[in-house]
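S.K.:
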Amino acid sequence: MVLNHSNPAFPLCGRTGGRELLQTCCYGHVAGAELLVRLESCCISCCSWYTPEACLQFKEHFHEQVRTACQQSTATAGLKISKVVVVGDLYVGKTSLINRFCKDNFDRDYKATIGVDFEIERFEIIGMPYNLQIWDTAGQEKFKCIASAYYRGAEVIITVFDLADIQTLDHTKQWLEDALRENEPDSSFIFLVGTKKDLVSDAVCERTELDAIRFAKEMKAEYWSVSAKTGENVKEFFSRVAALAFEQSMIKELENPPRQRAQIGAGNLIKLEKNTVEVPEDNAQ
0 MVLNHSNPAF PLCGRTGGRE LLQTCCYGHV AGAELLVRLE SCCISCCSWY
50 TPEACLQFKE HFHEQVRTAC QQSTATAGLK ISKVVVVGDL YVGKTSLINR
100 FCKDNFDRDY KATIGVDFEI ERFEIIGMPY NLQIWDTAGQ EKFKCIASAY
150 YRGAEVIITV FDLADIQTLD HTKQWLEDAL RENEPDSSFI FLVGTKKDLV
200 SDAVCERTEL DAIRFAKEMK AEYWSVSAKT GENVKEFFSR VAALAFEQSM
250 IKELENPPRQ RAQIGAGNLI KLEKNTVEVP EDNAQ
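In numbering that gives the first Met the number 0, the protein residues as written are 0 to 284.
#1: Mind checking whether V159 and V192 have CB atoms under 8 Å apart?
#2: By Cβ distance below 8 Å, which residues in the same chain neighbour P51 in space, the five residues on each side in sequence not counted?
#3: Among the residues of its own chain, which have a CB less than 8 Å from the CB of A227, if the five just before and after it don't count?
#4: For the alpha helix (DSSP H) that F117 lies in, which residues bound it at each end?
#5: The beta strand (DSSP E) with F188 in it runs from where to where?
#6: Skipping 5 residues on each side, what residues in its chain have a beta carbon closer than 6 Å to that of W48?
#7: So what's V225 in DSSP terms, helix, strand or just coil?
#8: Apply the 10 Å Cβ neighbour rule to G126 and answer buried if 16 or more other Cβ atoms are within range, or exposed otherwise.
#9: Looking at the secondary structure, which residues open and close the alpha helix (DSSP H) in which D177 lies?
#10: If the criterion is Cβ atoms closer than 8 Å, does the pair S248 and K82 meet it?
#11: Given L253, which residues of its chain have a CB within under 8 Å of its CB, disregarding the five upstream and five downstream residues?
#12: Using the Cα positions of F61 and C45, report the straight-line distance between them to the nearest angstrom.
#13: What does the alpha-carbon distance come out to for the pair A163 and V199?
#14: Assuming contact is defined by CB atoms lying nearer than 8 Å, are A220 and F190 in contact in what I supplied?
#15: Which value, in whole angstroms, describes the spacing of the CA atoms of F122 and T136?
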């Protein structure tokens, strides 16, 4: 994995990939430069859903407790990261979806993901710095064992299918089952995303979406249709992902604040004072 250079239009906006970032982003720097946040990555309210027929939460504002904590800076300081895993069949456009959001580009020359890769995108939500760690997993059967090891600890699971290939929708339930097997029950937000919207007519898209929404309800997922090629709904989708994941992580933190370090007694310093040693008279000189 190598450090990805930022889009020149948004210099050093906090997009990096690979292990190098893990060693540097905790200090808020990449290659010695301050991490900046793009304007569209700043959120002050919950982003809207795609369709009310398959939506995880119907609300426009963050929880009052979360807003108060952020405004008063009572939340624990430090880097906040949520893990996102993206799963689905080969060729459905997982990598293209991630690249459109993180790098704002679309590569027509397809290269299959080998094993796993990841990108990190930085947000500012209600004034708090926040990162999404987006894991891109291989859709090939031979890499499933490798990829499944990276499903653990996912706060968000994005299951992707191709709107132009209805068979890939049928496979999403198995992909979700594999990802959920590695995580605690009800610990992850689930999204079902139809890609390549630009390749289908409005009529075909509408028919496919009816099936997809039915799948999403069964999977307890929120549904979105996007196009990595045109960028349609991509930023809106990931902003929605970030907003929901951020709020959930903040609520967990407020309900279970970090414990203080263990201490003995009241935690006061132990002071050793000089004692007076009495010398027996028969030994005195």
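Every residue, glycine too, gets a C-beta built ideally from N, C-alpha and C.
M.R.: Working from what's here:
#1: yes
#2: F57
#3: G92, S95, L96, N98, R99, F105, T194, K195 and V233
#4: F117 -> not in any alpha helix (DSSP H); beta strand (DSSP E) instead, spanning V115 to I124.
#5: F188 to T194
#6: C54
#7: coil
#8: exposed
#9: T171 to R180
#10: no
#11: Q64, V65, A68 and A74
#12: 6 Å
#13: 6 Å
#14: yes
#15: 23 Å
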